[in-house]
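Number 111 marks the last residue of the sequence shown (numbering that gives the first Met the number 0); no jumps. Glycine is no exception: its CB is placed at the ideal position from the N, C-alpha and C atoms. Each remark here refers to the structure printed beneath this line.
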Amino acid sequence: MDIQNTQSQMRKGVLEFCILSIIQQGEVYPSDIVDKMKAANLQILEGTLYPLLTRLKNADYLSYRWVESSSGPPRKYFMLTEKGLAFYNELGKTWQELANAVAALTQKNDNQ
0 MDIQNTQSQM RKGVLEFCIL SIIQQGEVYP SDIVDKMKAA NLQILEGTLY PLLTRLKNAD
60 YLSYRWVESS SGPPRKYFML TEKGLAFYNE LGKTWQELAN AVAALTQKND NQ
């Protein structure tokens, strides 16, 4: 098995939740998402981000608004819809359950 492939698959599994976590903090421009992900040591390329944002928008989890820019074309800012917030909250519960289960299984047992 290839460790890099396994690591990549693990990151992909939480990517949607991480992106929604950023957006739920307030409307955001895609390059800000990339910056916040990089700051958290989770690399994401715009070529990965934009299709994901489109899929989330098409599922009615996100909406957006155009904002005129003085230094180029208008910018698209994304925000969660009510449906998206409910989805995010469910993902949060699922993540916590998963994190607790993984922690319980991977913690060293002091009695051994």
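Let me know if residue i comes out buried or exposed under the rule of 16 or more other beta-carbons within 10 Å of its beta-carbon.
i: Leu97; result: exposed
i: Leu44; result: exposed
i: Tyr60; result: buried
i: Leu104; result: exposed
i: Met0; result: exposed
i: Gly83; result: buried
Starting from residue i, trace the beta strand (DSSP E) both ways and give me its first and last residue.
i: Tyr63; result: 61 to 68
Check whether the Cβ atoms of residue i and residue j sit closer than 8 Å, and answer yes or no.
i: Phe77; j: Tyr63; result: yes
i: Leu51; j: Glu15; result: yes
i: Ile18; j: Ile32; result: yes
i: Lys37; j: Ile21; result: no
Return the Cβ separation of residue i and residue j in integer angstroms, given the expectation that the two are a contact with Cβ distance under 8 Å.
i: Leu48; j: Pro73; result: That pair is no contact at about 18 Å.
i: Lys75; j: Trp65; result: 6 Å
i: Gln8; j: Leu79; result: Actually they are not in contact, since the Cβ atoms of Gln8 and Leu79 sit about 26 Å apart, beyond 8 Å.
Provide the residue span of the alpha helix (DSSP H) that contains residue i, from first to last.
i: Ser92; result: Checking the sequence shown, residue 92 turns out to be Lys, not Ser. Lys92 -> alpha helix (DSSP H) spans 81 to 105.
i: Met0; result: Here Met0 belongs to no alpha helix (DSSP H), and DSSP marks it neither H nor E.
Jot down the residue ranges of each uninterrupted alpha helix (DSSP H) in the stretch 28 to 62, minimum 4 residues, whole runs only, in chain order. With a minimum length of 4 residues, the unbroken runs of alpha helix (DSSP H) contained wholly in the stretch 28 to 62 fall at 29 to 38, 45 to 57.
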